[in-house]
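Residue numbers (the working numbering), protein chains in the order written: chain A, 239 to 472; chain B, 239 to 472.
Here a beta-carbon is modelled for each residue, glycine too, at the ideal position from N, C-alpha and C.
Protein chains: 2
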Amino acid sequence: MVDTPSAPPERKRGSGVRLAYEVLRDEILDLTLPPGSPVDEVALAERFAMSRTPIREALVRLEGEGLVTTLPNRSTVVANIDFPNLNAFFDALTLMYRVTTRLAAEFHTPDDMQNILARQAVFARAVADGDEQRMITCNRDFHVSIAEAGRNPYYLQLFARLLDEGRRILRLYYYPTFQPSLPHPYITEHEAIIAAVAVRDVGLCDRLAKDHADQIVRQIQDMIARDRRQDIPL
Amino acid sequence: MVDTPSAPPERKRGSGVRLAYEVLRDEILDLTLPPGSPVDEVALAERFAMSRTPIREALVRLEGEGLVTTLPNRSTVVANIDFPNLNAFFDALTLMYRVTTRLAAEFHTPDDMQNILARQAVFARAVADGDEQRMITCNRDFHVSIAEAGRNPYYLQLFARLLDEGRRILRLYYYPTFQPSLPHPYITEHEAIIAAVAVRDVGLCDRLAKDHADQIVRQIQDMIARDRRQDIPL
DNA sequence: TGTATTTTATTTGTCGACAAGAATTTTACG
DNA sequence: CGTAAAATTCTTGTCGACAAATAAAATACA
Numbered sequence: 239m240v241d242t243p244s245a246p247p248e249r250k251r252g253s254g255v256r257l258a259y260e261v262l263r264d265e266i267l268d269l270t271l272p273p274g275s276p277v278d279e280v281a282l283a284e285r286f287a288m289s290r291t292p293i294r295e296a297l298v299r300l301e302g303e304g305l306v307t308t309l310p311n312r313s314t315v316v317a318n319i320d321f322p323n324l325n326a327f328f329d330a331l332t333l334m335y336r337v338t339t340r341l342a343a344e345f346h347t348p349d350d351m352q353n354i355l356a357r358q359a360v361f362a363r364a365v366a367d368g369d370e371q372r373m374i375t376c377n378r379d380f381h382v383s384i385a386e387a388g389r390n391p392y393y394l395q396l397f398a399r400l401l402d403e404g405r406r407i408l409r410l411y412y413y414p415t416f417q418p419s420l421p422h423p424y425i426t427e428h429e430a431i432i433a434a435v436a437v438r439d440v441g442l443c444d445r446l447a448k449d450h451a452d453q454i455v456r457q458i459q460d461m462i463a464r465d466r467r468q469d470i471p472l
Numbered sequence: 239m240v241d242t243p244s245a246p247p248e249r250k251r252g253s254g255v256r257l258a259y260e261v262l263r264d265e266i267l268d269l270t271l272p273p274g275s276p277v278d279e280v281a282l283a284e285r286f287a288m289s290r291t292p293i294r295e296a297l298v299r300l301e302g303e304g305l306v307t308t309l310p311n312r313s314t315v316v317a318n319i320d321f322p323n324l325n326a327f328f329d330a331l332t333l334m335y336r337v338t339t340r341l342a343a344e345f346h347t348p349d350d351m352q353n354i355l356a357r358q359a360v361f362a363r364a365v366a367d368g369d370e371q372r373m374i375t376c377n378r379d380f381h382v383s384i385a386e387a388g389r390n391p392y393y394l395q396l397f398a399r400l401l402d403e404g405r406r407i408l409r410l411y412y413y414p415t416f417q418p419s420l421p422h423p424y425i426t427e428h429e430a431i432i433a434a435v436a437v438r439d440v441g442l443c444d445r446l447a448k449d450h451a452d453q454i455v456r457q458i459q460d461m462i463a464r465d466r467r468q469d470i471p472l
């Protein structure tokens, strides 16, 4: 570890919690920190070269978002993925796809459309590169940008949380299903959604969002089913 | 203030944050701490007879729920009610009423029904007593119990947050609209919802929940409109 | 007297340390 | 050799203190 041993705190005041929060959050969603793994405060404090106090505040924030679970007086662990309630997740995810896209059709501004198009371009590049990781996060960012155009912070927050949880699930079960050279179905679906939002066709947005969500849900379910078959050798 | 001056910390370890969190949360939703009022860490530390550290962790939690806003390196204040986006609030609230009641019809167990009936009884008692405060919180608890029966933690969390925000808004604008001796419309509406949930009539639940939500939204809008007319003397 | 600048004061963000509680290991005893 | 009790280690929850950043007050100056 080549860090600066004698350096005084080379970090801006107040940025400590955010740093720890963002890094931990990313590592949890990446599964770099797999579900159930213990989160040691002192180890993190050493790693980020800061005291335990900002680490704890970052953990409190992560607990509020359901990404870690704190056992009182015992260790805090990375939250498990709630498989028993997976259909609740699918249900909420589908609904949020629909309502955010509908609202985007109603309330988007020209700036929103530019933002959405930019995200879609980044996503398309990730698909072209065949980079699964970036595909997942860019897909998330694309739909978040649509939700932002819908201007409902309550939906936006829940939707973002659901998309993040989906990121964990996808990363856990991902198998390369699509040939990278063929046009990715998400690309064309995204383009259809963009067009429907642009012309403010609420009904069409609802249908397209539902189809998109259903496809993603089906994809995840297929991956899980395939995985389960391997797991259970009765 | 009759507190124990020389007493050593007469409080269980680990209960400090929860105590501060719950009290502050209640006072914010009560408008005992009105929106925009500053939250002084040292004053709270003295008041709760604890160090600033647990106070800060409670504030981080509250910030995660959007109940306080932290200006970096500056004071943290009780979050304002977002009037410009009030229709976003109404939209989300109505949707959550609908989906949670629908899911309750699908998935409720006998225990859930008992719980729901108990909450309704408590609510009815608050109505009979004409206690507006308890009416608001008991109404919240009633709908939360329905959402719990729906078994979707994502909806439950958002719904609870929306109902809490509604508690603040109602407390801000409440005028006694109903004669306490007459049967309160919410009572009969609740009873209709309970019956529809019990017989698992999803469609009826959806309609009743929507009507109920619409009525609450209209009530709030009326109160705000009445208030605005007084405020603006052009 | 009004404005700009320095000084003071207040409040936050962070730190190191200590004590309580739980998990683990060691010891005692059958 | 196995089980129960005691001691130890380890991690967390809390505390008091210090320094940075901001706000407020005081001072200088036109």
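Item to complete: Run down chain A in chain order and give the residues with a C-beta less than 8 Å from the C-beta of glycine 252 of chain B.
Response: Your numbering for residue 252 of chain B matches position 14 in the second sequence. Those within 8 Å of glycine 252 of chain B in chain A are Pro310 and Asn311.
Item to complete: Put valine 440 of chain B into one of helix, strand or coil per three-state DSSP.
Response: As a working mapping, residue 440 of chain B is identified with position 202 in the second sequence. In this structure, valine 440 of chain B counts as helix in the three-state DSSP scheme.
Practice prompt. Specify the secondary structure class of proline 276 of chain B as computed by DSSP and reduced to three states.
Written response: What you label residue 276 of chain B is simply residue 38 of the second sequence in a count that begins at 1. Strand.
Discussion item. Restricting to runs no shorter than 4 residues, where is the alpha helix (DSSP H) found entirely within the segment 268–328 of chain B?
Written reply: 279–285 and 290–302
Worksheet item: Just to confirm, are alanine 342 of chain A and alanine 387 of chain A a CB contact at a threshold of 7 Å?
Response: What you label residue 342 of chain A is simply residue 104 of the first sequence in a count that begins at 1. What you label residue 387 of chain A is simply residue 149 of the first sequence in a count that begins at 1. Taking 7 Å as the Cβ cut-off, alanine 342 of chain A and alanine 387 of chain A qualify as a contacting pair.
Worksheet item: From the beta carbon of proline 247 of chain A, is the nearest beta carbon of chain B less than 7 Å away?
Response: On the first sequence, position 9 is the one that residue 247 of chain A refers to. Confidence is the limiting factor: at proline 247 of chain A the pLDDT is only 49, short of 50, which leaves the residue's position unreliable and the question unanswerable from this model.
Worksheet entry | Candidates A:Tyr424, A:Ile407, A:Leu446 and A:Arg340, of which the one nearest alanine 385 of chain A by Cα | If you number the first sequence from 1, residue 385 of chain A lands on position 147. When each option's Cα is compared against that of alanine 385 of chain A, the closest is A:Arg340.
Item to complete: Return helix, strand or coil for arginine 445 of chain A, following the three-state DSSP convention.
Response: As a position in the first sequence, residue 445 of chain A is number 207, starting the count at 1. Residue state, collapsed to three classes: helix.
Worksheet item: What are the complete alpha helix (DSSP H) segments, minimum 4 residues, inside the segment 330–385 of chain A?
Response: 348–367
Fill in: Residues within the segment 387–418 of chain A neighbouring chain B, beta-carbon criterion of under 7 Å
Within the segment 387–418 of chain A, the residues whose Cβ lies closer than 7 Å to some Cβ of chain B are Arg389, Asn390, Pro391, Tyr392, Tyr393, Leu396 and Leu400, listed in chain order.
Practice prompt. Tell me, please, whether the segment 264–282 of chain A touches the segment 312–325 of chain A by the rule of three or more beta-carbon pairs shorter than 8 Å.
Written response: At 8 Å Cβ cutoff, the stretches touch.
Worksheet item: Any chance the segment 292–307 of chain B sits against the segment 288–308 of chain A, with 3 or more Cβ pairs inside 8 Å?
Response: yes
Worksheet item: Going by alpha carbons, who is nearest to threonine 426 of chain A out of A:Phe361, A:Ile319 and A:Met334?
Response: Position 188 of the first sequence, counting from 1, holds the residue named residue 426 of chain A. Here the closest residue by C-alpha is A:Phe361.
Worksheet entry | Cβ shell of arginine 251 of chain A (< 6 Å), same chain only, five flanking positions each side left out | Within the first sequence, numbered from 1, the residue matching residue 251 of chain A stands at position 13. Once the five neighbours on either side are set aside, arginine 251 of chain A has no close Cβ partner at all.
Fill in: First and last residue of the uninterrupted alpha helix (DSSP H) at arginine 404 of chain A
As a position in the first sequence, residue 404 of chain A is number 166, starting the count at 1. It is worth fixing the name first, because residue 404 of chain A is glycine in this sequence and not arginine. Start and end: 391–411.
Worksheet entry | Span separating the alpha-carbon of arginine 372 of chain B from that of valine 440 of chain B | Locating residue 372 of chain B in the second sequence gives position 134, counting from the first residue. Locating residue 440 of chain B in the second sequence gives position 202, counting from the first residue. Their backbone Cα atoms lie some 29 Å apart in a straight line.
Item to complete: Pull up the distance between the alpha-carbon of histidine 422 of chain B and that of tyrosine 412 of chain A, whole angstroms please.
Response: By 1-based counting over the second sequence, the position of residue 422 of chain B is 184. By 1-based counting over the first sequence, the position of residue 412 of chain A is 174. Taking C-alpha positions only, histidine 422 of chain B is separated from tyrosine 412 of chain A by approximately 54 Å.
Worksheet item: What does a CB cutoff of less than 7 Å around leucine 269 of chain B pick up in its chain, not counting 5 residues either side in sequence?
Response: Position 31 of the second sequence, counted from the start, is the residue given in the question as residue 269 of chain B. Excluding positions up to five away in sequence, the list reads Arg406, Arg409 and Leu410.
Fill in: 8 Å Cβ cut-off: residues of chain B touching asparagine 323 of chain A
For the purposes of this step, residue 323 of chain A is identified with residue 85 of the first sequence, where counting begins at 1. Residues of chain B with a Cβ closer than 8 Å to the Cβ of asparagine 323 of chain A are, in chain order, Arg389, Asn390 and Pro391.
Worksheet item: Mind checking if glycine 302 of chain A is an interface residue toward chain B, Cβ cutoff 7 Å exclusive?
Response: Taking the first residue of the first sequence as 1, we reach residue 302 of chain A at position 64. Yes, glycine 302 of chain A counts as interfacial toward chain B.
Worksheet item: How big is the Cα-Cα spacing for cysteine 443 of chain A and leucine 333 of chain A?
Response: The residue you call residue 443 of chain A lines up with position 205 of the first sequence. The residue you call residue 333 of chain A lines up with position 95 of the first sequence. Using only the alpha carbons, I get a separation of about 12 Å.
Worksheet item: So with Cβ pairs under 7 Å, would you call alanine 258 of chain A a contact of chain B?
Response: Against the first sequence, residue 258 of chain A aligns to sequence position 20. It does not: the Cβ of alanine 258 of chain A has no partner Cβ on chain B nearer than 7 Å.
Discussion item. Within 7 Å of any Cβ in chain A, is that where the Cβ of valine 365 of chain B sits?
Written reply: As a working note, residue 365 of chain B is residue 127 in the second sequence. Using a CB distance cut-off of 7 Å, valine 365 of chain B does not count as an interface residue toward chain A.
Item to complete: For arginine 357 of chain A, collect the residues of the same chain with a Cβ closer than 6 Å to its Cβ; drop the 5 residues on either side in sequence, then sort them by chain order.
Response: In the first sequence, residue 357 of chain A corresponds to position 119, counting from 1. Contacts found: Asp379, Phe380 and Ser383.
Practice prompt. Indicate whether asparagine 318 of chain A and proline 273 of chain A have their beta-carbon atoms separated by less than 7 Å.
Written response: Taking the first residue of the first sequence as 1, we reach residue 318 of chain A at position 80. Taking the first residue of the first sequence as 1, we reach residue 273 of chain A at position 35. Cβ distance < 7 Å, so asparagine 318 of chain A and proline 273 of chain A count as in contact.
Item to complete: For phenylalanine 327 of chain A, return the contacting residues in chain B, with the cut-off set at a CB-CB distance below 8 Å.
Response: Mapped onto the first sequence, residue 327 of chain A falls at position 89. Here the neighbours are Tyr392.
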